[in-house]
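For any residue, its number in the working numbering is found by taking its place in the first sequence, counting from 1, and adding 21.
Here a beta-carbon is modelled for each residue, glycine too, at the ideal position from N, C-alpha and C.
All remarks here apply to the structure that follows.
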Amino acid sequence: MKHVTKFQNKVYEIVKKIPRGKVMSYKEVAEKIGKPRAYRAVGNALNKSASWRTDIPCHRVVRSDGSPGGYRKGIKKKVKLLKNEKVF
DNA sequence: AATGAGGCCCTAA
DNA sequence: ATTAGGGCCTCAT
Numbered sequence: 022m023k024h025v026t027k028f029q030n031k032v033y034e035i036v037k038k039i040p041r042g043k044v045m046s047y048k049e050v051a052e053k054i055g056k057p058r059a060y061r062a063v064g065n066a067l068n069k070s071a072s073w074r075t076d077i078p079c080h081r082v083v084r085s086d087g088s089p090g091g092y093r094k095g096i097k098k099k100v101k102l103l104k105n106e107k108v109f
């Protein structure tokens with residue numbers, strides 16, 4: 022556990038609250054935090070956190086147009102996880 | 001409808 | 001303190 026800012030902490034809280042079978046866009050998360058213009062920072066936070074944050078379903082966070090976006094562990098893995106969860 | 005360019009926010013070096 | 005980068009978004013062509 023490294024030093025995390027309040028912003029990242031907020032991101033984690035929101036992303037963690039994402040129920041299974043549902044996905045949220047970076048912008049949506051940013052809006053929940055209170056900074057709808059910080060969608061880039063959200064992705065960045067998840068990106069670095071995904072390395073040691075396994076309790077956060079960052080793969081459930083996709084782009085506004087439905088595109089998977091990106092994934093630190095591999096975009097393929099993200100798509101696979103999404104298909105596995107969205108199947109319900 | 002698809003592609004190109006610009007802009008905002010955060011973190012690390 | 002400043003610069004560059006990033007899992008983006010939106011507007012214009």
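As DSSP reads the structure, Val-82 sits in a beta bridge with Met-45. Between Ile-39 and Arg-84, the CB-CB gap reaches or exceeds 8 Å. The alpha-carbon separation between Gly-55 and Lys-48 amounts to approximately 10 Å.
Considering only Lys-69, Ser-88, Pro-89, Val-108, the residue with the shortest C-alpha distance to Val-25 is Lys-69. Counting C-beta atoms within 10 angstroms of its own C-beta, Lys-31 has 16 or more neighbours from the protein chains shown and is therefore classed as buried. DSSP, read as helix, strand or coil, puts Lys-98 in helix. DSSP, reduced to helix, strand and coil, places Phe-28 within a helical segment of the structure shown.
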